[in-house]
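Chains as they are written, first to last, in the working numbering: chain A, 3 to 409; chain B, 3 to 409.
By construction, the Cβ of each residue, glycine as well, lies at the ideal position given by its N, Cα and C atoms.
Inspection log for the structure reproduced underneath, given as structure tokens.
There are 2 protein chains.
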Amino acid sequence: MNINSARLMSRLKEYGDIGRDSQGRLARIAFTDADKLGRDQLVTWMQAAGLNVEVDKIGNIHGLWEPESVVESRPIMMGSHIDTVLNAGIYDGNYGVLAGLEVILALQEAGFKPSRGIVVSAFSNEEGAHYAPDMMGSLVYSGGYSVKKALATIGLNGLVLGSELQRIGYAGLNEPGFIQPKAYIELHIEQGPVLENLELPIGVVENLQGISWQRITIEGVANHAGTTPMSMRADAGIATAQVMLHLKDYVTQKGNGMVSTIGTILFEPNIINVIPSKSVFSVDLRSPCESDLKDAELSLAQCLNEIEEIDGFNISVERLARFEPVTFDRNLVESIEKASNGRGFISKRMTSGAGHDAQMMARICPSAMIFVPSKDGISHNPREYTEEQHLINGANLLLDSIKGLAI
Amino acid sequence: MNINSARLMSRLKEYGDIGRDSQGRLARIAFTDADKLGRDQLVTWMQAAGLNVEVDKIGNIHGLWEPESVVESRPIMMGSHIDTVLNAGIYDGNYGVLAGLEVILALQEAGFKPSRGIVVSAFSNEEGAHYAPDMMGSLVYSGGYSVKKALATIGLNGLVLGSELQRIGYAGLNEPGFIQPKAYIELHIEQGPVLENLELPIGVVENLQGISWQRITIEGVANHAGTTPMSMRADAGIATAQVMLHLKDYVTQKGNGMVSTIGTILFEPNIINVIPSKSVFSVDLRSPCESDLKDAELSLAQCLNEIEEIDGFNISVERLARFEPVTFDRNLVESIEKASNGRGFISKRMTSGAGHDAQMMARICPSAMIFVPSKDGISHNPREYTEEQHLINGANLLLDSIKGLAI
Numbered sequence: 003m004n005i006n007s008a009r010l011m012s013r014l015k016e017y018g019d020i021g022r023d024s025q026g027r028l029a030r031i032a033f034t035d036a037d038k039l040g041r042d043q044l045v046t047w048m049q050a051a052g053l054n055v056e057v058d059k060i061g062n063i064h065g066l067w068e069p070e071s072v073v074e075s076r077p078i079m080m081g082s083h084i085d086t087v088l089n090a091g092i093y094d095g096n097y098g099v100l101a102g103l104e105v106i107l108a109l110q111e112a113g114f115k116p117s118r119g120i121v122v123s124a125f126s127n128e129e130g131a132h133y134a135p136d137m138m139g140s141l142v143y144s145g146g147y148s149v150k151k152a153l154a155t156i157g158l159n160g161l162v163l164g165s166e167l168q169r170i171g172y173a174g175l176n177e178p179g180f181i182q183p184k185a186y187i188e189l190h191i192e193q194g195p196v197l198e199n200l201e202l203p204i205g206v207v208e209n210l211q212g213i214s215w216q217r218i219t220i221e222g223v224a225n226h227a228g229t230t231p232m233s234m235r236a237d238a239g240i241a242t243a244q245v246m247l248h249l250k251d252y253v254t255q256k257g258n259g260m261v262s263t264i265g266t267i268l269f270e271p272n273i274i275n276v277i278p279s280k281s282v283f284s285v286d287l288r289s290p291c292e293s294d295l296k297d298a299e300l301s302l303a304q305c306l307n308e309i310e311e312i313d314g315f316n317i318s319v320e321r322l323a324r325f326e327p328v329t330f331d332r333n334l335v336e337s338i339e340k341a342s343n344g345r346g347f348i349s350k351r352m353t354s355g356a357g358h359d360a361q362m363m364a365r366i367c368p369s370a371m372i373f374v375p376s377k378d379g380i381s382h383n384p385r386e387y388t389e390e391q392h393l394i395n396g397a398n399l400l401l402d403s404i405k406g407l408a409i
Numbered sequence: 003m004n005i006n007s008a009r010l011m012s013r014l015k016e017y018g019d020i021g022r023d024s025q026g027r028l029a030r031i032a033f034t035d036a037d038k039l040g041r042d043q044l045v046t047w048m049q050a051a052g053l054n055v056e057v058d059k060i061g062n063i064h065g066l067w068e069p070e071s072v073v074e075s076r077p078i079m080m081g082s083h084i085d086t087v088l089n090a091g092i093y094d095g096n097y098g099v100l101a102g103l104e105v106i107l108a109l110q111e112a113g114f115k116p117s118r119g120i121v122v123s124a125f126s127n128e129e130g131a132h133y134a135p136d137m138m139g140s141l142v143y144s145g146g147y148s149v150k151k152a153l154a155t156i157g158l159n160g161l162v163l164g165s166e167l168q169r170i171g172y173a174g175l176n177e178p179g180f181i182q183p184k185a186y187i188e189l190h191i192e193q194g195p196v197l198e199n200l201e202l203p204i205g206v207v208e209n210l211q212g213i214s215w216q217r218i219t220i221e222g223v224a225n226h227a228g229t230t231p232m233s234m235r236a237d238a239g240i241a242t243a244q245v246m247l248h249l250k251d252y253v254t255q256k257g258n259g260m261v262s263t264i265g266t267i268l269f270e271p272n273i274i275n276v277i278p279s280k281s282v283f284s285v286d287l288r289s290p291c292e293s294d295l296k297d298a299e300l301s302l303a304q305c306l307n308e309i310e311e312i313d314g315f316n317i318s319v320e321r322l323a324r325f326e327p328v329t330f331d332r333n334l335v336e337s338i339e340k341a342s343n344g345r346g347f348i349s350k351r352m353t354s355g356a357g358h359d360a361q362m363m364a365r366i367c368p369s370a371m372i373f374v375p376s377k378d379g380i381s382h383n384p385r386e387y388t389e390e391q392h393l394i395n396g397a398n399l400l401l402d403s404i405k406g407l408a409i
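This is the structure we're talking about:
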């Protein structure tokens, strides 16, 4: 049994053209008119497949296939998201949802009689482009965030989420969690370079990194770049460089899948001949192991303390986000691995470095993910690309995995 | 013989209120209406002192005292500038010009009969706030830059320098260099913390740092902060931190008065969860010794080369400015030092880290500078401050030094 690869590819392409802006950029930002267009097309396709389409209070769309053969009470859920960032590629999220729908179609067309319902879900606002937090739809669905709070969120555009959801016609009546899945599997592009570099077609995701985001402000003393001897400086920029290299060295030495990134930086006054009086920078620390993550945070704090003990420095730290690592269900991971072997795919167990709806669903049911390679690891960019054969392989592996759970 | 300290202080204060903008910020930016107001007041005071006021083609104002006692052909020149940056303090430049005028008044009032003319000059556009290069008036005066080119300069405000100079009425007829001084002494606030930290009242400036300004662009590869292992990164930010610490360590170890500053930085895309693909930063290197400066530039280039050899990195370097160090006249420095001893001031020979008109005048005559302490080393800022006693000491030392040269 195989998915219809021509249909999947043509739908992915067609779907990638929905919601392009006047400059040709794909931008189906959650709860905008473009998002509505994407939702409408998905619902149309779900209905054409005979699925029972349900929308919940945070706007998650669920397409449920529950033919007469179903005897077990809890369905198997597949899913991901259909919202995008600004100037996005066409695979992130969409691939998982459209492949899920394709799996149901393939099962239907092969005359498969599931013992459980099979549902494909598109979770609202995974990207968090306008409304924080990201992964909102699955977070609310799994009980980690109240519907009321989510609907009251004010977006970067100044608009209230709940009103926008009403406006685009996707404020559903179902309570989050109204479908209690037996298991959840999410198929996604890797958004990283690991599979491509190892030339492997499939990643079986066994866990997801914990994330620690901090914003650090180092205040030093602005002085003339020419007249201030090196020994009399409190240079906020140099202190920042020391923190950057300390973190990089610590994390590299520690290994174990941990990564650290200083992605943003701002100097004040940012003038060529003035010693920086202030540096504001972000720290993004990730690890699949909570104790490693804590140790790295501690090491960073110690490094900052040492700097602050030097005359002229003052440091403040703001926590922006903190998620503990998520370990996916071992049985589910093994069953996907077996299905991969059955197809003759060499797979690699791996850690997801990005956040996904699966990490929220893991709160309420056994969950796992399937990754396919991303060209150059690029994502959130029009250059995001995954070869057709990889996309087809991933969808067929999802098909086999779901079939195995719904027999 | 002493200067009239009450008059000097009252004039400094009065002069500091000329050209404040609607927000109360002192901004006598060269060739603006505010600059004209400052020039007019200076000329008024020069004329009241019976000086022969001459303006040259680049707008430098020279007030020449040449009583009947003068028998030598070349006058002694004092000077500095009266233009300011935006939101300036009241001492930078103005102090040297007003103290110079005060020296002539004191000599006159004491009935001193100079054997040489004594001239106090205010050089145009030392700050270069709207029109590059800075130190323009003295650079043109000393033959380092053509009048024609200078007058054709387009300012940040889009206006042509020559037209603005005409408009404010200070386009003189004298050729630059029309007065050939026997010697030039510039009195200035230190604009650095050295004298204050050593609790010394006087700095005798024996040389001026060479300056090397470069803008460096490191291109790496943008990738997801969560999904890209540390070993697969080409992080332009981390590479920048390595360059920053390399330079700082090199310069600190080398000593010998060299300083380095990375004052500006910009990451792209500057997003918390994206590895920087690009970092653009400035390097400000200064040393009183040309070979040290060259060695440091070479060491920087080697450090950049090593980074560029790593996969994924691409580096470009743009030279923004390069001035060789200037050594002031040894005899003049010694004579100032002696005069300082004569007043009972403990002085320190020092290097100027900032650029001054004296470095340009050193091209055409023996030159030197006198520094007085700056509170916290702050300059180019309303908080710029020098204690009254220091200002008076500096002016009295200038008086004695000039007197000694004009006997």
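Counting C-beta neighbours from all protein chains within 10 Å, is the total for residue 73 of chain B 16 or more, i.e. buried, or is it exposed? Here the question's residue 73 of chain B lines up with position 71 in the second sequence. With fewer than 16 other Cβ atoms within 10 Å, it is exposed.
Tell me whether residue 220 of chain B is buried or exposed, calling it buried when 16 or more other Cβ atoms sit within 10 Å of its Cβ. Locating residue 220 of chain B in the second sequence gives position 218, counting from the first residue. The residue in question, residue 220 of chain B, is buried, as its Cβ has 16 or more Cβ neighbours within 10 Å.
Following the continuous alpha helix (DSSP H) through residue 248 of chain A, name the residue where it begins and the one where it ends. Taking the first sequence and counting its residues from 1, the one referred to as residue 248 of chain A is at position 246. 238 to 256 is the extent of the alpha helix (DSSP H) around residue 248 of chain A.
Using alpha carbons as the reference points, say which of A:153, A:118, A:171 lies closest to residue 2 of chain A. Residue numbering for chain A in the displayed model covers 3 to 409; residue 2 of chain A lies beyond these limits and cannot be assessed.
Alpha carbon to alpha carbon, how far is residue 106 of chain B from residue 88 of chain B? Give it in angstroms, no decimals. Position 86 of the second sequence, counted from the first residue, corresponds to residue 88 of chain B. Position 104 of the second sequence, counted from the first residue, corresponds to residue 106 of chain B. Near 30 Å, if we compare the C-alpha coordinates of residue 106 of chain B and residue 88 of chain B.
Which residues does DSSP list as the beta-bridge partners of residue 186 of chain B? The residue given as residue 186 of chain B occupies position 184 in the second sequence. The partner list for residue 186 of chain B (beta bridge, DSSP) reads B:79, B:369.
Sorted by chain position, which residues of the same chain lie with C-beta nearer than 7 Å to residue 200 of chain B's C-beta, five sequence neighbours on each side aside? In the second sequence, the residue the question calls residue 200 of chain B occupies position 198. Hits under 7 Å: 350.
Measuring only the C-alpha atoms, how far is residue 324 of chain A from residue 357 of chain A? Position 322 of the first sequence holds residue 324 of chain A. Position 355 of the first sequence holds residue 357 of chain A. Roughly 12 Å separates the two Cα atoms.
Which residues in chain A have a C-beta closer than 7 Å to the C-beta of residue 381 of chain B? List them in chain order. Within the second sequence, the letter at position 379 stands for residue 381 of chain B. Those are 226, listed as they occur along chain A.
Taking DSSP as the reference, what is the three-state secondary structure of residue 329 of chain B? Within the second sequence, the letter at position 327 stands for residue 329 of chain B. Residue state, collapsed to three classes: strand.
Straight-line gap, residue 31 of chain B to residue 304 of chain B (C-alpha atoms, nearest Å): Sequence index remark: in the second sequence, residue 31 of chain B carries index 29 (1-based). Sequence index remark: in the second sequence, residue 304 of chain B carries index 302 (1-based). Between residue 31 of chain B and residue 304 of chain B, the C-alpha separation is close to 40 Å.
Straight-line Cα distance separating residue 102 of chain B from residue 43 of chain B: As a first step, residue 43 of chain B is located in the second sequence; it is residue number 41 there, counting from the start. As a first step, residue 102 of chain B is located in the second sequence; it is residue number 100 there, counting from the start. Distance between the alpha carbons of residue 43 of chain B and residue 102 of chain B: 15 Å.
Residue range of the alpha helix (DSSP H) that includes residue 166 of chain B: Stepping through the second sequence from its first residue, residue 166 of chain B is reached at position 164. Residue 166 of chain B -> alpha helix (DSSP H) spans 163 to 169.
Could you name the residues of the region 276 to 304 of chain A whose beta carbon sits closer than 8 Å to any beta carbon of chain B, in the order they occur along the chain? 276, 277, 278, 284, 286, 288
Determine whether the Cβ of residue 250 of chain B lies closer than 8 Å to any Cβ atom of chain A. In the second sequence, residue 250 of chain B corresponds to position 248, counting from 1. Answer yes: the Cβ-Cβ gap between residue 250 of chain B and chain A drops below 8 Å somewhere.
Please list the partners that residue 327 of chain B has in chain A, where partner means a Cβ-to-Cβ separation under 9 Å. As a first step, residue 327 of chain B must be located in the second sequence, where it is residue number 325. Those do not exist, as residue 327 of chain B stays about 12 Å from chain A at its closest Cβ, beyond 9 Å.
Please name the residue in B:203, B:131, B:150, B:133 whose C-alpha comes closest to that of residue 58 of chain B. Working through the second sequence from its first residue, we reach residue 58 of chain B at position 56. Ranking the options by Cα distance to residue 58 of chain B, first place goes to B:150.
Check the Cβ of residue 356 of chain A against every Cβ in chain B and list those closer than 8 Å, keeping chain order. Position 354 of the first sequence, counted from the first residue, corresponds to residue 356 of chain A. In chain order: 226, 228, 229.
Express the C-alpha separation of residue 226 of chain B and residue 387 of chain A in angstroms, rounding to a whole number. Against the first sequence, residue 387 of chain A aligns to sequence position 385. Against the second sequence, residue 226 of chain B aligns to sequence position 224. The straight-line gap from Cα to Cα measures roughly 15 Å.
Any residues in the region 186 to 199 of chain A with a beta carbon nearer than 8 Å to a beta carbon of chain B? Which ones, in chain order? 192, 193, 194, 195, 196, 199
Contacts that residue 247 of chain B makes with chain A (C-beta to C-beta distance below 8 Å): On the second sequence, position 245 is the one that residue 247 of chain B refers to. Here the neighbours are 240, 243, 244, 247.
Beta carbon of residue 392 of chain B, beta carbon of residue 94 of chain B: below 8 Å? Position 390 of the second sequence holds residue 392 of chain B. Position 92 of the second sequence holds residue 94 of chain B. For residue 392 of chain B and residue 94 of chain B, no; Cβs fall outside 8 Å.
Given 8 Å, three or more beta-carbon pairs between the region 67 to 83 of chain A and the region 179 to 196 of chain A: yes
For residue 15 of chain B, I'd like the list of residues in its chain whose CB is within less than 8 Å of its CB, leaving aside the five on either flank, ordered along the chain. For this step, residue 15 of chain B is matched to residue 13 along the second sequence. Excluding residues within five positions, the ones whose Cβ falls inside 8 Å are 92.
Going along the region 258 to 274 of chain B in order, which residues come within less than 9 Å of chain A, judged by CB to CB distance? 259, 260, 261, 262, 263, 264, 265, 266, 267, 268, 269, 271, 272, 273, 274
Helix, strand or coil for residue 176 of chain B? Go by DSSP, reduced to three states. Counting from 1 along the second sequence, the entry for residue 176 of chain B is found at position 174. DSSP places residue 176 of chain B in strand when its eight states are reduced to three.
Looking at residue 275 of chain B: is its Cβ nearer than 8 Å to the Cβ of residue 265 of chain A? Counted from its first residue, the second sequence places residue 275 of chain B at position 273. Counted from its first residue, the first sequence places residue 265 of chain A at position 263. In this structure, residue 265 of chain A lies closer than 8 Å to residue 275 of chain B by Cβ.
Buried or exposed: where does residue 197 of chain A fall if 16 or more other Cβ atoms within 10 Å of its Cβ makes it buried? To locate residue 197 of chain A, count along the first sequence from 1; it is residue 195. When all chains shown are included, residue 197 of chain A counts as buried.
Alpha-carbon spacing of residue 412 of chain A relative to residue 211 of chain A, whole angstroms: In the structure displayed, chain A extends from 3 to 409; residue 412 of chain A sits before or after that span and is not available.
Whose Cβ in chain A lies nearer than 8 Å to the Cβ of residue 86 of chain B? For the purposes of this step, residue 86 of chain B is identified with residue 84 of the second sequence, where counting begins at 1. Here the premise fails: no neighbours, minimum Cβ distance about 16 Å.
Beta-carbon proximity of residue 144 of chain A to residue 116 of chain A, cut-off 8 Å: Reading the first sequence from its first residue, position 142 is the one you call residue 144 of chain A. Reading the first sequence from its first residue, position 114 is the one you call residue 116 of chain A. No, the pair does not count as a contact, with Cβ atoms beyond the cut-off.
Once DSSP output is grouped into helix, strand and coil, what is the label at residue 68 of chain B? The residue labelled residue 68 of chain B in the question sits at position 66 within the second sequence. The answer is coil: DSSP assigns residue 68 of chain B none of H, G, I, E or B.
C-beta atoms of residue 113 of chain A and residue 229 of chain B nearer than 8 Å: By one-based count along the first sequence, residue 113 of chain A stands at place 111. By one-based count along the second sequence, residue 229 of chain B stands at place 227. No, these two residues do not count as a Cβ contact at 8 Å.
Anything in chain A within Cβ reach of residue 211 of chain B, meaning under 8 Å, just list it in chain order. Numbered from 1 along the second sequence, position 209 holds the residue referred to as residue 211 of chain B. Near residue 211 of chain B (Cβ distances below 8 Å), the residues of chain A are 228.
Residue 53 of chain B versus residue 121 of chain B - alpha carbon distance: Position 51 of the second sequence, counted from the first residue, corresponds to residue 53 of chain B. Position 119 of the second sequence, counted from the first residue, corresponds to residue 121 of chain B. Spanning the two alpha carbons is a distance of roughly 9 Å.
On the DSSP letters alone, give me the boundaries of the alpha helix (DSSP H) that residue 200 of chain A sits inside. By 1-based counting over the first sequence, the position of residue 200 of chain A is 198. Residues 196 to 200.
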